[in-house]
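Some notes on the structure that comes next.
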Amino acid sequence: MAFQLPELSYDYGALDKSIDAQTMEIHYTKHHGAYVTNCNNAIAGTEWDDKSIEEIMANVSKLPPAVRNNGGGHYNHALFWSILSPNGGDAPAGKLADEINATFGSFSALKDLMNTAGATRFGSGWAWLIVDAQGKLAVCSTPNQDNPTMDIAEIKGTPILGIDVWEHAYYLRYQNRRPDYLKAIWDVISWDAVADRYAAAK
Ligand code: MN3
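Sequence positions in the sequence shown follow our numbering and run 37 to 238.
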């Protein structure tokens, strides 16, 4: 069963307060599209071609680099689109808010940690908020299209929020100013979606 691009629940221009429409369209159709195609090609005809993306991530060390890069790209972008929303930008609520306050001190402190993780990731990669094996929240970052669900990850866990810090995610509007993109992206984070992922991960 070949992987497919997930449907977006908003238009390319819907996140314009943080991400412009052209960036969204190229990012989704060309970048994510290529990860899907290349991942499918890399696993076609192998024992992995009927496995879930989660199972592939958990065993990625046994697979060729093309699967790590493109399967990772598919997993990461599917998560990324799902936690963005034109109605985002509020603050975490309920149990997730309590856990953020208990772990990091405040929502503002979490944003600072995520922004630093993203800004200091040399080259391309991702900043993550994860639930670790002990059920605790943690912030980390990964290079390229790696993620914390991969068996090769230095810090492992279930991501509930991921921010793409590849230049293709922000360059048209922000050029080299990655910190400005990171500051703006919080205006389109859907805390409902992150809370759903938190509940599922616990
Ligand atoms: Mn990307």
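Cβ coordinates follow ideal geometry from the N, Cα and C atoms, glycine included. All figures in this text were calculated on a predicted structure; none of them were measured in a lab.
| Query | Result |
| --- | --- |
| So the candidates are Ile188, Leu120, His204; which of them puts its Cα closest to the Cα of serine 45? | Leu120 |
| Could you tell me the distance, in whole angstroms, from the CA atom of serine 142 to the CA atom of isoleucine 136? | 6 Å |
| Is it buried or exposed, alanine 102, if we count other Cβ atoms within 10 angstroms and call 16 or more buried? | exposed |
| Sorry if obvious, but does the Cβ on tryptophan 202 come closer than 6 Å to a heavy atom of the ligand MN3? | yes |
| If distances are taken between C-alpha atoms only, which option among Thr156, Pro128, Gly159 comes closest to leucine 146? | Pro128 |
| Verify the contact flag: alanine 205, CB atom, against every heavy atom of the ligand MN3, threshold strictly below 6 Å. | yes |
| With a CB to CB cut of under 7 Å and the five nearest residues on each side skipped, what residues in its chain are close to tryptophan 162? | Asn112, Ser177, Thr178, Asn183, Gly198, Ile199, Asp200, Val201 |
| Between which two residues does the beta strand (DSSP E) carrying serine 226 extend? | No beta strand (DSSP E) holds serine 226; DSSP gives it neither H nor E. |
| Pairs of beta-carbons, one from the segment 50-59 and one from the segment 214-234, closer than 8 Å: are there three or more? | yes |
| For proline 42, collect the residues of the same chain with a Cβ closer than 6 Å to its Cβ; drop the 5 residues on either side in sequence, then sort them by chain order. | Ala114 |
| What is the residue span of the alpha helix (DSSP H) that tryptophan 117 lies within? | 101-118 |
| Are alanine 94 and aspartate 232 touching if we call contact CB-CB under 7 Å? | no |
| Count the other C-beta atoms from every protein chain shown that fall within 10 angstroms of the C-beta of glycine 107, then say buried if there are 16 or more, exposed otherwise. | buried |
| Ignore the nearest five residues each way along the sequence and tell me which others in arginine 157's own chain have a CB closer than 6 Å to its CB. | Ser177, Val201 |
| Could you check where the alpha helix (DSSP H) with serine 144 kicks off and where it finishes? | 143-155 |
| Please report how far the alpha carbon of alanine 205 lies from the alpha carbon of lysine 172, in whole angstroms. | 28 Å |
| Hey, is histidine 67 close to the ligand MN3, as in C-beta under 6 Å from one of its heavy atoms? | yes |
| Identify the continuous beta strand (DSSP E) that holds isoleucine 188 and give its terminal residues. | Note, isoleucine 188: premise wrong, no beta strand (DSSP E); not H, not E. |
| Kindly list the residues whose CB is nearer than 6 Å to the CB of lysine 192, restricted to its own chain and excluding five residues on each side of it in sequence; keep chain order. | Pro184 |
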